[in-house]
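The sequence shown maps to residues 70 to 308 in the working numbering. Glycine included, each C-beta is placed from N, C-alpha and C at the ideal position.
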Amino acid sequence: MKKESFPLLIILRNIVCVILALLVMLSAPTGWLYDLWAGEGMGQGQRPGADVQRLQRQEDIETCFLSSTPSTVNGGTLVACPLARLRDVGQAGIHTHHNSGVKRSVSVSEYIYADYPLPPLQRFIQGFVGGYYNRYYLAELEDGSWLCVYFDNYLVLTGADNYPTGYVRYTTTEERRMLKQMAKDYDVDPVYILDMYRHGKVSWMLDVLVRIAVCVAAAVIVWGIKKAFSKCKLPTHGE
70 MKKESFPLLI ILRNIVCVIL ALLVMLSAPT GWLYDLWAGE GMGQGQRPGA
120 DVQRLQRQED IETCFLSSTP STVNGGTLVA CPLARLRDVG QAGIHTHHNS
170 GVKRSVSVSE YIYADYPLPP LQRFIQGFVG GYYNRYYLAE LEDGSWLCVY
220 FDNYLVLTGA DNYPTGYVRY TTTEERRMLK QMAKDYDVDP VYILDMYRHG
270 KVSWMLDVLV RIAVCVAAAV IVWGIKKAFS KCKLPTHGE
């Protein structure tokens, strides 16, 4: 007599599979893939060369902005900001599709806003969609002041000591509003941000296809392993 399978274990397995698929589709960092051929130099998002200035003091920030000097910061203390921005800003807006003859629209915001100080739940939500949004950070300079920085999220996970080449620019309205809140607790100038993200390197539609391909490949591998194990099972008595 065959043993009945345990429905609870099957349900738990399916739940785990769904969670893993969501993590790949929404959270898995893919920025490193597009940076493999970024190279070294003074271009935004490249590995900083010898001619790239390391910002160490707050008074250096305006000078780099006025002269458009390629800059970066040394690895150090980072503080998460209550704001995240789309990696591909072209994804922002209303996206319409038809499902079984029904027209459905999805609105994608360029920014994800959160309260300040950043609550744990909202921080988790920002991180959960980290595959499409980069969070802003404050980086501590050597003089004890802070500078808002923007770069690809995966660099936080790798713990890079040297961040990419960037350029100091004026903050947008959303960025300035956020920094004015944080300026109450940190010595940060809300006017400037060091943008180290290589804009345009990611097409969100291509990125979605990459993520789907990873999910399909993982499913094929799991199915193949399961099939191989089933073939290796010893026959039961009476067979």
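Query, Result
"P98 and N231 closer than 8 angstroms at C-beta", "no"
"8 angstroms contact criterion, which S96 and G199 should meet: CB distance rounded", "5 angstroms"
"Option in Y205, S174, Q191 with minimal Cα separation from M247", "Y205"
"Nearest-angstrom Cβ-Cβ length linking G235 and T138, presumed shorter than 8 angstroms", "No, G235 and T138 are not in contact; Cβ-Cβ is about 10 angstroms, not under 8 angstroms."
"Test item: CB-CB of L207 and L263 under 8 angstroms", "no"
"Unbroken stretches of the alpha helix (DSSP H), 4 residues or longer, contained in the region 235-288", "242-251"
"Separation of Y239 from V260, as counted between CA atoms", "6 angstroms"
"Unbroken beta strand (DSSP E) run spanning L124, endpoints", "It is not in any beta strand (DSSP E) - L124 carries neither H nor E in the DSSP assignment."
"Test item: CB-CB of E209 and R126 under 8 angstroms", "no"
"Classification of G114 by the beta-carbon crowding that lies within 10 angstroms, buried from 16 upward", "buried"
"Between the CA atoms of V285 and L102 - distance to the nearest angstrom", "18 angstroms"
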